[in-house]
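Here the structure is laid out as structure tokens; the discussion comes afterwards.
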Amino acid sequence: MTATTTTTTTTTPYDQLKGPTAVRRLIATPTAGPLAALLLACVFFSLTTEQFLSGGNFSLIVQQVMVVGTLAIGQTLIILTAGIDLSCGAVMAFGSIVIAKMAAQGTLPPLAAIALGLVVCGGFGLLNGLLVQMIPLPPFIVTLGMLNVAFALTHIYSAEQTVTDLPAPLTALGETFPLGRTDITYGSLVTIALFLAFAYALSSTSWGRHVYALGNSPESARLNGIRTSRLTIGVYTLAGLVYGVAALLLVSRTGVGDPQAGQTDNLDSITAVVLGGTSLFGGRGAVLGTFIGVLIVGVFRNGLQLMGVASIYQTLITGILVILAVTVDQISRKKAR
Amino acid sequence: MSTDTSATPVLQARGLVKKYGHVTAIDGADFDLMPGEVLAVIGDNGAGKTSLIKALTGAIVPDEGEIRLGGKPIRFSGPQSAREHGIETVYQDLAVAASMDIASNMFLGRELRRPGVLGSAFRLLDKKRMREEAAAHMADLKIGLRSLTQAVETLSGGQRQAVAVARAVAWARSVVVMDEPTAALGVRESGQVLDLIRRVRDKGMPVVLISHNMPHVFEIADRIHVHRLGRREALIKPSDHSMAEVVAIMTGALTVKSDGGTVVTDADAARAAGVSAH
Chain A
0 MTATTTTTTT TTPYDQLKGP TAVRRLIATP TAGPLAALLL ACVFFSLTTE QFLSGGNFSL
60 IVQQVMVVGT LAIGQTLIIL TAGIDLSCGA VMAFGSIVIA KMAAQGTLPP LAAIALGLVV
120 CGGFGLLNGL LVQMIPLPPF IVTLGMLNVA FALTHIYSAE QTVTDLPAPL TALGETFPLG
180 RTDITYGSLV TIALFLAFAY ALSSTSWGRH VYALGNSPES ARLNGIRTSR LTIGVYTLAG
240 LVYGVAALLL VSRTGVGDPQ AGQTDNLDSI TAVVLGGTSL FGGRGAVLGT FIGVLIVGVF
300 RNGLQLMGVA SIYQTLITGI LVILAVTVDQ ISRKKAR
Chain B
0 MSTDTSATPV LQARGLVKKY GHVTAIDGAD FDLMPGEVLA VIGDNGAGKT SLIKALTGAI
60 VPDEGEIRLG GKPIRFSGPQ SAREHGIETV YQDLAVAASM DIASNMFLGR ELRRPGVLGS
120 AFRLLDKKRM REEAAAHMAD LKIGLRSLTQ AVETLSGGQR QAVAVARAVA WARSVVVMDE
180 PTAALGVRES GQVLDLIRRV RDKGMPVVLI SHNMPHVFEI ADRIHVHRLG RREALIKPSD
240 HSMAEVVAIM TGALTVKSDG GTVVTDADAA RAAGVSAH
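Just so you know, the protein sequences line up as chains A and B, in that order. Numbering of the first sequence is given in numbering that gives the first Met the number 0, commencing with residue 0 and proceeding in unit increments. Numbering of the second sequence is given in numbering that gives the first Met the number 0, commencing with residue 0 and proceeding in unit increments.
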């Protein structure tokens with residue numbers, strides 16, 4: 000640098016880290032902790048169970064987390080703006096009933112039914128976004144209300160009946176193809192593709208930067224010329240469309256339209272986002288972290304099941320993990336201040 | 000540096016008025032910023048400094064009066080329109096995104112995309128070029144920071160201020176407005192920011208400095224705009240008046256005459272402030 004520097008002495012957590020830049024970068028990356036936790040869990044379950052470490056089992060884990068994982072993508076977008084979405088599971092359930100019933104009754108051709116499902120879910124997202132931005136109302140309250148609206152509509156529209164006999168296009172994504180010695184569903188590929196697409200959009204486009212800036216401080220974002228209203232409404236709408244994809248994946252995986260589906264998926268998606276290192280306070284985190292968070296939940300549930308632990312203990316452990324993750328987030332935020 | 004008052008003002012206002020119901024925030028205010036000067040804007044709380052600055056930076060639209068930029072009448076529809084005309088503001092809370100790195104903050108809202116199809120179809124950001132240009136701007140102002148990939152929240156208050164100033168200078172084409180840039184800083188860091196303001200001025204960029212801190216104003220300002228009761232009470236040089244006199248003008252104890260002398264308008268207040276007419 001030049002001889003007269005304004006500020007030369009910096010003591011930052013980043014600078015204090017030792018080692019080569021690549022290693023320092025990795026440690027400073029918010030997804031490093033979740034990734035380490037995931038790997039530790041994998042090692043643990045590989046040592047304690049025989050079946051865990053197999054291609055088939057991993058394929059199963061991905062299938063099990065596919066739907067929640069997709070919801071968690073939309074949830075990540077919203078949480079990055081310092082919002083939260085309690086309605087995602089219910090919106091997905093309604094979308095899935097719309098797709099299943101429209102197609103099964105022959106009201107619409109299968110592809111049109113799928114498109115309608117996407118539009119319906121996107122519409123819920125748009126409505127959430129408008130209420131959050133325009134009134135404005137706290138995201139927690141808006142999406143709590145929307146959770147009930149979507150839940151009720153699901154049960155009214157389905158008349159509490161499970162929709163069966165779905166036409167083939169609706170279950171196509173549930174079909175598998177062989178990869179090595181394991182079978183992969185096409186739906187898993189859709190989920191992974193969505194994760195990659197949003198990872199790219201968030202990290203490498205202006206839109207992504209603006210989402211982070213919005214989550215840091217809406218006022219600062221506005222003063223920097225970012226159209227925050229449009230951005231907020233756009234994020235909720237986009238999340239809604241992603242829930243629509245999750246609705247299709249749900250239908251294709253279960254092969255039915257189930258009005259009881261997805262009731263705890265809103266909290267599971269938030270769990271995955273938080274475990275993935277994204278801050279509930281907005282502005283920090285990454286969608287690839289969410290992918291890791293989703294896998295952590297999936298690996299724990301799967302591994303504990305293989306160990307013969309009752310499912311209620313799996314829920315218990317997931318709960319403890321979430322509280323740990325939020326604690327780490329809170330402490331690291333305080334240090335950053 | 001002495002201000003050339005015969006040149007065309009960079010930014011000028013005549014007879015600005017802004018009313019909110021029965022409250023008059025700006026009451027026929029004038030404003031003149033000359034090329035290459037640091038103009039301090041001071042005034043008591045509630046004098047209407049902030050409203051004046053907001054009108055000049057497009058954050059509010061005045062009811063009456065005229066703003067001229069480089070001699071040409073202009074109307075700002077919002078902060079964005081003022082920015083498009085080369086007026087950059089460093090807000091008191093800096094308007095930075097804390098979790099984002101320095102280079103990202105410098106280009107926030109004005110990101111650069113890669114050339115070709117990667118930029119147009121895939122909207123891919125040119126992170127390398129943004130880092131390089133950010134580094135060039137920082138070097139230009141002799142701001143030393145170890146890494147532009149550091150998150151702004153890891154910086155000290157003075158460093159954050161430096162980043163916000165560098166961003167404003169990088170994008171400003173006519174004026175940089177700074178709102179209380181030293182208010183939240185300690186003595187050493189304040190000195191560094193004042194040095195930085197000097198370097199901005201020496202690059203030829205005029206600076207409007209809103210400040211409460213009289214020693215800082217006297218240290219750095221070429222001229223002082225004293226705002227009182229919604230209008231410009233006086234436009235003076237720091238060399239012509241003592242700090243006590245300027246405070247007395249600010250509070251209405253003294254009034255500046257057209258020949259530069261002062262008259263006592265509130266004898267008790269002037270006595271309390273220890274100033275007299277000259």
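For each residue, glycine too, the CB sits at the ideal point set by N, CA and C. Since the structure is predicted, the reported quantities are computational estimates derived from the model, not experimental observations.
Asked: Paired residues, beta bridge with E65 (chain B) - DSSP; Found: B:R13
Asked: Minimum Cβ-Cβ distance from G82 (chain A) to chain B less than 8 angstroms; Found: no
Asked: Validate contact between the stretch 61-70 of chain B and the stretch 98-113 of chain B using beta carbons, cut 8 angstroms, 3 pairs; Found: no
Asked: Under the three-state DSSP convention, the category V175 (chain B) falls into; Found: strand
Asked: Nonlocal neighbours in the same chain, by C-beta distance under 7 angstroms from K17 (chain B), ignoring five residues either side; Found: A24, I25, S50, A54, I59, P61 and D62
Asked: Rounded C-alpha distance that separates G118 (chain B) from T170 (chain A); Found: 37 angstroms
Asked: Any chain A beta carbon closer than 8 angstroms to P114 (chain B); Found: no
Asked: Euclidean distance between Cα positions of S173 (chain B) and T30 (chain A); Found: 43 angstroms
Asked: Rounded straight-line distance, which links the Cα of A39 (chain B) to that of S5 (chain B); Found: 19 angstroms
Asked: Limits of the beta strand (DSSP E) - the one that H226 (chain B) falls within; Found: R222 to R227
Asked: Closest Cα partner of R230 (chain B) within the set B:A220, B:E244, B:M249 and B:N212; Found: B:M249
Asked: CB-CB length for L140 (chain B) against L184 (chain B), believed under 8 angstroms; Found: The pair is not a contact, with the Cβ atoms about 17 angstroms apart (cut-off 8 angstroms).
Asked: When A:F57, A:I140, A:R283 and A:M133 are compared against S207 (chain A), the one with the closest alpha-carbon; Found: The residue you asked about is not Ser; residue 207 (chain A) is Gly in the sequence shown. It is A:R283 whose Cα lies nearest to the Cα of G207 (chain A).
Asked: Whole beta strand (DSSP E) elements within the stretch 10-62 of chain B, 3-residue minimum; Found: 10-19, 22-32 and 37-42
Asked: The stretch 270-288 of chain A: positions lying closer than 7 angstroms to chain B by Cβ; Found: G282 and R283
Asked: Alpha-carbon to alpha-carbon, A271 (chain A) and T326 (chain A); Found: 15 angstroms
Asked: Span separating the alpha-carbon of T231 (chain A) from that of L126 (chain A); Found: 12 angstroms
Asked: Closer than 7 angstroms at the beta carbon, the chain B residues around S219 (chain A); Found: A94, V95 and A96
Asked: Cross-chain neighbours of T204 (chain A) in chain B, by beta carbon under 9 angstroms; Found: E110, R112, F121, R122, L123 and L124
Asked: Chain-ordered residues of the stretch 66-95 of chain B with a beta carbon less than 7 angstroms from chain A; Found: P78, Q79, R82, Y90, A94 and V95
Asked: At least three beta-carbon pairs within less than 8 angstroms, the stretch 254-269 of chain A to the stretch 162-169 of chain A; Found: yes
Asked: Chain B contact residues for S268 (chain A), given Cβ-Cβ distances below 8 angstroms; Found: The premise fails here: S268 (chain A) is roughly 22 angstroms from chain B at the closest Cβ pair, so nothing lies under 8 angstroms.
Asked: Buried versus exposed, by CB contacts within 10 Å (16 or more), V162 (chain B); Found: buried
Asked: Beta bridge counterpart(s) of P214 (chain B) as assigned by DSSP; Found: Per DSSP, none; premise fails for P214 (chain B).
Asked: Backbone secondary structure at D84 (chain A) - three-state DSSP; Found: coil
Asked: 8 angstroms contact criterion, which L76 (chain A) and V210 (chain A) should meet: CB distance rounded; Found: 7 angstroms
Asked: Three-way DSSP call (helix, strand, coil) for A103 (chain A) in this model; Found: helix
Asked: For D258 (chain B), the nearest candidate out of B:T264, B:A233 and B:R270 (CA to CA); Found: B:A233
Asked: Touch test, the stretch 174-187 of chain A against the stretch 52-72 of chain A, Cβ-Cβ under 8 angstroms, three pairs minimum; Found: yes
Asked: Limits of the unbroken alpha helix (DSSP H) element including D267 (chain A); Found: D264 to L274
Asked: Candidates B:V246, B:G64 and B:R222: closest to L32 (chain B) by CA position; Found: B:R222
Asked: Whole-number beta carbon distance between E174 (chain A) and T184 (chain A), since they are thought to touch under 8 angstroms; Found: 7 angstroms
Asked: Integer Cβ distance of H240 (chain B) from G42 (chain B), believed to fall under 8 angstroms; Found: No, H240 (chain B) and G42 (chain B) are not in contact; Cβ-Cβ is about 15 angstroms, not under 8 angstroms.
Asked: Rounded C-alpha distance that separates V262 (chain B) from A269 (chain B); Found: 10 angstroms
Asked: Cβ-Cβ distance between P180 (chain B) and V89 (chain B) below 8 angstroms; Found: yes
Asked: Simplified DSSP state of R230 (chain B), which is helix, strand or coil; Found: strand
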